[in-house]
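By the count of our numbering, the sequence shown reaches residue 980 at its end, each step adding exactly one. Inspection log for the structure reproduced underneath, given as structure tokens.
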Amino acid sequence: MSQDFATPSPTLAAGTTHAGFTVERAEPLPEISGCAYVMRHDATGARVMWLACADSNKAFAISFKTPPANDTGVFHILEHSVLCGSDRFPVKEPFVHLLKSSMQTFLNALTFPDKTMYPVASTNDRDLENLMDIYLDAVLHPAIYRRQRIFEQEGWHYEVDASRADAPLALNGVVYNEMKGALSTPEEILINGMMRSLFGQSPYGFVSGGDPEAIPTLTYEEFLRTHERHYQLSNSYTILYGDLDIEEKLAFLGTRFDGARKGEAGEPNELPMCPARTCDLLSVPMQTTPDNACVGVAYVFATAGQRERVLAADILIDALVGSNEAPLKRAVLESGLGSDVQGYLYDGILQPCLIFELKGSKPGVARQFEKLVEDTCARLVDEGLGRDNLEASIAQAEFNLREGDFGYPDGVGLAIQAMSGWLYSDEDATSYLRYEDALAHIREGLPTGSFERLLDEAVCHNDHRCCVEVVPTTTSEDSAETRRLAEKRAELSDDELASIAAEAEALHAEQAAPDSPESLATLPHLSLSDIGEGPADPETRTAEALVPCHHHLIDAHRIDYAYWYFDLGGVSYEELPYVSVLANLLGKLDTERHSAYDLDTICEAKLGGLSFFTEVYSTDDDPLSARPKFVVGASSLSENARWLAELPAEVWGSTRLADTRRIRDILEQRRVGMEQAFIEGGHAAALSRVSSQFLASSKVSEQLGGVDFYRFLCELLDNFDARAEDLVAKLEGLRRRIFSRGNCEMSFTGDGADLDAFWAAAGTLGLSDAPRATGTLVVPEVGARAEAFVIPSNVCYVGEGMAGIPAGTSLNGAWRVAAQALSYDYLWNEVRVLGGAYGCGFRCTADSLLQFYSYRDPAVDPTVERFERAAKWIASWNPTHEELEGFIVAGVSGMDAPVKPRALGRRLDAARLSGRTPEWRRRIRTEMLQTTVDGVRALADPLAKLGDARGMCVFGGREQIEASGLDLDVCELIAPRA
3 MSQDFATPSP TLAAGTTHAG FTVERAEPLP EISGCAYVMR HDATGARVMW LACADSNKAF
63 AISFKTPPAN DTGVFHILEH SVLCGSDRFP VKEPFVHLLK SSMQTFLNAL TFPDKTMYPV
123 ASTNDRDLEN LMDIYLDAVL HPAIYRRQRI FEQEGWHYEV DASRADAPLA LNGVVYNEMK
183 GALSTPEEIL INGMMRSLFG QSPYGFVSGG DPEAIPTLTY EEFLRTHERH YQLSNSYTIL
243 YGDLDIEEKL AFLGTRFDGA RKGEAGEPNE LPMCPARTCD LLSVPMQTTP DNACVGVAYV
303 FATAGQRERV LAADILIDAL VGSNEAPLKR AVLESGLGSD VQGYLYDGIL QPCLIFELKG
363 SKPGVARQFE KLVEDTCARL VDEGLGRDNL EASIAQAEFN LREGDFGYPD GVGLAIQAMS
423 GWLYSDEDAT SYLRYEDALA HIREGLPTGS FERLLDEAVC HNDHRCCVEV VPTTTSEDSA
483 ETRRLAEKRA ELSDDELASI AAEAEALHAE QAAPDSPESL ATLPHLSLSD IGEGPADPET
543 RTAEALVPCH HHLIDAHRID YAYWYFDLGG VSYEELPYVS VLANLLGKLD TERHSAYDLD
603 TICEAKLGGL SFFTEVYSTD DDPLSARPKF VVGASSLSEN ARWLAELPAE VWGSTRLADT
663 RRIRDILEQR RVGMEQAFIE GGHAAALSRV SSQFLASSKV SEQLGGVDFY RFLCELLDNF
723 DARAEDLVAK LEGLRRRIFS RGNCEMSFTG DGADLDAFWA AAGTLGLSDA PRATGTLVVP
783 EVGARAEAFV IPSNVCYVGE GMAGIPAGTS LNGAWRVAAQ ALSYDYLWNE VRVLGGAYGC
843 GFRCTADSLL QFYSYRDPAV DPTVERFERA AKWIASWNPT HEELEGFIVA GVSGMDAPVK
903 PRALGRRLDA ARLSGRTPEW RRRIRTEMLQ TTVDGVRALA DPLAKLGDAR GMCVFGGREQ
963 IEASGLDLDV CELIAPRA
């Protein structure tokens, strides 16, 4: 009989004590169909909460209040450093060992503006306890006190080539390089400027991740004192989640807590309430292109304890700027002050803020933007925000809260949410986990003008606010860093330079040295016997209705998901960018029945989401195959299933494509979004580009949404007036050819009764009877090359790869295991630890591409050299039996990890559209379980051909690319626009 988690257990009643923990209160929590038990560790005062529910994907998180007192990023460096060995687990990288040997479904550490969290999750109870054990020893007994080089590796250190008299001084360190990359984005610079304006020298005014200019001022001694003051159990918050034996887990925690030492370095930093302040305009210079200019206005409007007010503000932002037709966004777009405006809630801090950001701002418009925001809000306070608009935004918020799709395990997402209240008040441990009563009360306030009052208080009459602009300059931060290092070098004596060189060499030697067998033996490990059978794919029933319909029988908890796949085989290669333009426009323009504003309102009220995009499928063993699809996705609560049929069909069948002014706005927003993606996630763009050198399907993807599409988009916008009429004609023609019954198949994830309601409302779905169009798409030849794209950045992203099939190999289970070993052993040590990149990895795709990548990397050439030595490493790979089993366990558990209903339905769709049978996953899984050392070593032969058969792509700053000695075809990707 399953346990009833929804009713508080009498054995955990308030006042009862369990393994040294006293229950302070037990609260039903209907939002998770469970209860929350809030406890206190009697000996240390540590706070503990169990979120009890039936979820088998169990989680643990320990957090510490860590408000910064400067810009050195000490808490970010500590977040990295404590996971580099501890008293009971004295290996160099226990975190990495867990990545490559556990069944974790989540494993990470997170630095926030005022807290540091260490969350893990696993479906295996023994594994969860192993993860808890290593994390608890890491935060309470880290090796940083006896290994200073952890600080140097993760934080910062100088380097110099002692063999050259004129060798420049260099700075390296994982967090240092990470923050150079993070602060390459205008949005990050803008946020930091707004926080400094609003909060001054209080904790939120500092860069919690660390400012690269300030990071080198942090000393090892201050680093240790900061840990000792803050990583105390009295300053901790522990959350347990899921279907747990709580008595067992509390006994486990109690043993670890009892062994923690009490620090003598003093009390943690305070987190005071910052008084209201209205600031002068702050202009922050940044080396970037003029198109990346931006302006932000921010308003402190609440405290963390005002949960309902914070939730209402999130709804208010959607009503104001949630779509192009929302009243504030429409006013800004029509003003011509910039290319886009976004609004968001900056919460999870003591004093949450409303922020409105103008992207692509024109020079000198900061105060105009601020005035426009406040004048428009004042008008809306007087005239009203519109009942339908507000009800739609509330409905959208309710859908998102009920769906609860965090992008990672629920236990981790809920732990982060809980800390948005618990960190500031013991009474608010569950405040941010609840929403049912708050939504009901918010709805009740609609007739009384509650949202208009909130808007008036938060924006129109608010004394705690700021306006900040990021002003593009030609002065490079890299150049400024070079000057600072040159000045520092000039201050150093020959002996000091020799000492720096010697210490850097000692650090590299320590990094390269393997852990001793005795140290490795301290780590817990799972064996293959700990792996279960693995989840079976749910049943899919296919029926010939109006269009072929694949019904995935998945319990989606009263939510339905529908996806339509329209074949693009009848579209020419040259027309593909126009297809992406069409996808960008649908859902954002007037239809024959509704204005764009009314359409947005009804979609938010009745649907969880409505999206239009493109994907490309292929046959795994055929590099010349390419099957592009125009995809329409929609979701709704069960009671709104009929709207899944009516609204998407209205949009694709009757959108008016003649409003060229709005079309230009939408395409400008897409351009800005793509540029931001290149800067923040250049590794993904680089891998996509490398794939396009070998696969026809990836070349089509580039034409639909990669660099090739970006270039098309920029050229279209530069000549928009001249091309507008032709553009509209092309889009109308494509719509008629794409949206026909013959081109379409669909999938439905949800209850069978909901599917019946869907078909009852479907009619013709607005589809023509035209037959499926074929034979038009001809993809140009692919070919390997080495290219680099210059973007405004202080770091680079390197992608390199080759086609496996011509080299005599294709994806199998051994490649999946090898990918684990290469990513978390060889590349982690070589590219991240020694090279200073923030991230790196290897993958063998389903199409049998062998691909390497680095993320936020300080240099190109050393990384490429390490990529091309991978084959030699694999050839001599000699893991212990436990290490091999660990890689297999981690790889298989990745395949078995639970996924949300939407993601599971989409995975089944992708397998069908790629021609993969259900046996495909089972085959790969079985091959992984049967992998041997010799089987992995045999993969070195095809990988050894990388140097001769490689394709390469780099996204990065000009200085990083120009420093490369490789023969790269260099292109300025993000150029200033007139």
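For every residue, glycine included, the Cβ atom is placed at its ideal position computed from N, Cα and C. Here the structure is a predicted model, which means the values were calculated and not measured.
> Which residues share a DSSP beta bridge with Gly-635?
Replying inline: Its beta-bridge partners are Tyr-565, Ser-613.
> How would you label Ala-123, buried or exposed, when you count the other beta carbons within 10 angstroms and need 16 or more for buried?
Replying inline: The residue is buried, with at least 16 neighbouring Cβ atoms inside 10 Å.
> So is Val-800 buried or exposed if we call it buried at 16+ other beta carbons inside 10 Å?
Replying inline: Answer is buried; the Cβ neighbour count reaches 16.
>> I need the straight-line Cα distance from Pro-365 to Ile-793, nearest angstrom please.
In response: In this structure, the alpha-carbon of Pro-365 lies about 21 angstroms from that of Ile-793.
> Just how far apart, CA to CA, sit His-20 and Ser-11?
Replying inline: About 13 angstroms.
> For Gly-17, is the classification buried or exposed, using 16 other Cβ atoms within 10 angstroms of its Cβ as the cut-off for buried?
Replying inline: Gly-17 should be labelled exposed.
> In this structure, what does DSSP give as the bridge partners for Ala-61?
Replying inline: As computed with DSSP, Ala-61 is found in a beta bridge with Ala-123, Tyr-243.
> Excluding five sequence neighbours on each side, which residues of the same chain lie with their C-beta closer than 8 angstroms to the C-beta of Arg-436?
Replying inline: By the criterion of a C-beta distance shorter than 8 angstroms, Arg-436 is surrounded in its chain by Leu-31, Glu-33, Arg-309, once the five residues flanking it on both sides are discounted.
> If you draw a straight line from the C-alpha of Arg-918 to the C-alpha of Gly-953, how long is it?
Replying inline: Their Cα atoms are separated by approximately 27 angstroms.
> With a CB to CB cut of under 8 angstroms and the five nearest residues on each side skipped, what residues in its chain are close to Asp-163?
Replying inline: Contacts found: Ala-169, Ala-503.
> Which one of Phe-696, His-559, Thr-46, Pro-270 has the shortest CA to CA distance from Gly-803?
Replying inline: Selection Phe-696, His-559, Thr-46, Pro-270 evaluated against Gly-803 yields Phe-696 as nearest (Cα-Cα).
> Whose CA, out of Arg-834, Gly-810, Val-414, lies closest to the CA of Pro-121?
Replying inline: For Pro-121, the nearest C-alpha among the options comes from Val-414.
> Assuming Gln-155 contacts Val-176 under a Cβ cut-off of 8 angstroms, what Cβ separation, rounded to an integer in Å, is found between them?
Replying inline: With a Cβ gap of about 7 angstroms, Gln-155 and Val-176 count as contacting.
> Just how far apart, CA to CA, sit Cys-746 and Gln-353?
Replying inline: Rounded to whole angstroms, the gap between the alpha carbons of Cys-746 and Gln-353 is 50 angstroms.
>> Looking only at its chain, what residues have a beta carbon closer than 7 angstroms to the beta carbon of Ser-521, apart from the 5 residues adjacent to it on each side?
In response: Only Pro-92, Val-93 meet the Cβ criterion.
>> Helix, strand or coil for Pro-903? Go by DSSP, reduced to three states.
In response: In this structure, DSSP gives Pro-903 a helical state, which the three-state scheme calls helix.
>> With distance defined between alpha-carbon atoms, name the residue in Arg-909, Ala-564, Leu-649 nearest to Thr-603.
In response: Among Arg-909, Ala-564, Leu-649, the Cα nearest to that of Thr-603 belongs to Leu-649.
>> Buried or exposed, going by whether 16 or more other CB atoms sit within 10 Å of the CB of Glu-641?
In response: Exposed.
>> Taking the straight line between their C-alpha atoms, what separation do you get for Glu-190 and Met-275?
In response: Straight-line Cα distance between these residues: approximately 23 angstroms.
> Hey, Ser-363 and Gly-340 are a contact pair by Cβ (cut 8 angstroms); roughly how many whole angstroms apart?
Replying inline: The pair is a contact, with the Cβ atoms about 4 angstroms apart (cut-off 8 angstroms).
> DSSP on Trp-879, reduced to helix/strand/coil?
Replying inline: Reduced to three states, the DSSP call for Trp-879 is coil.
> Is the region 518-538 in contact with the region 849-856, if contact means three or more CB pairs nearer than 8 angstroms?
Replying inline: For the pair of segments examined, the region 518-538 was found not to touch the region 849-856: the number of CB pairs separated by less than 8 angstroms stays below three.
> For Met-3, does the three-state DSSP call read helix, strand or coil?
Replying inline: With a pLDDT of 47 at Met-3, under the threshold of 50, the predicted position of this residue should be treated as unreliable, and no value is reported.
> By Cβ distance, which residues of its chain are closer than 6 angstroms to Met-3, with the 5 residues on each side in sequence left out?
Replying inline: Summary for Met-3: the model assigns pLDDT 47, below 50, so the residue's position carries little reliability; its value from the coordinates is reported in the next sentence. Same-chain partners within the cutoff: there are none.
> If you drop the 5 nearest sequence neighbours on each side, which residues of the same chain put their C-beta closer than 7 angstroms to that of His-99?
Replying inline: The residues are Val-93, Leu-525.
> If we ignore side chains and look at the alpha-carbon of each, how far apart do Asp-756 and Gly-768 end up?
Replying inline: Rounded to the nearest angstrom, the gap between the Cα atoms of Asp-756 and Gly-768 is 20 angstroms.
>> Let's see if you can read the secondary structure: which residues bound the beta strand (DSSP E) around Thr-662?
In response: Per DSSP, Thr-662 belongs to no beta strand (DSSP E); it is in the alpha helix (DSSP H), 662-682.
> Do you know whose CA, among Ala-300, Asp-293, Ser-88, Asn-294, lies nearest Thr-280's CA?
Replying inline: Ranking the options by Cα distance to Thr-280, first place goes to Ala-300.
>> Looking at the strands, I want to know which residues DSSP matches up with Leu-851.
In response: Per DSSP, Ala-805.
> With respect to the alpha helix (DSSP H) encompassing Asn-174, which residues constitute its N-terminal and C-terminal limits?
Replying inline: Counted as a single uninterrupted DSSP element, the stretch harbouring Asn-174 is not any alpha helix (DSSP H) but the beta strand (DSSP E) occupying residues 172-174.
>> I'd like the list of long-range same chain contacts for Asn-402, defined as Cβ closer than 8 angstroms, with 5 residues on each side in sequence excluded.
In response: Counting only Cβ-Cβ distances below 8 angstroms, and skipping sequence neighbours, we find Gly-610.
> Would you call the region 559-575 and the region 675-692 in contact, with 3 or more CB pairs under 8 angstroms?
Replying inline: Contact between the region 559-575 and the region 675-692 is absent, because fewer than three Cβ pairs lie under 8 angstroms.
>> Quick test of the definition: if touching needs 3 or more C-beta pairs under 8 angstroms, does the region 727-742 touch the region 673-682?
In response: Verdict: no, contact absent.
>> Which same chain residues end up closer than 8 angstroms to Arg-369 when comparing Cβ atoms and leaving out the 5 residues on each side of it in sequence?
In response: Here the set comprises Leu-283, Cys-469.
> Bridge partners of Gln-344, per DSSP?
Replying inline: BP columns for Gln-344 point to Glu-359.
>> Using only CA atoms, which one of Ala-54, Ala-61, Gln-106 lies nearest to Asp-532?
In response: Comparing Cα positions, the closest option is Gln-106.
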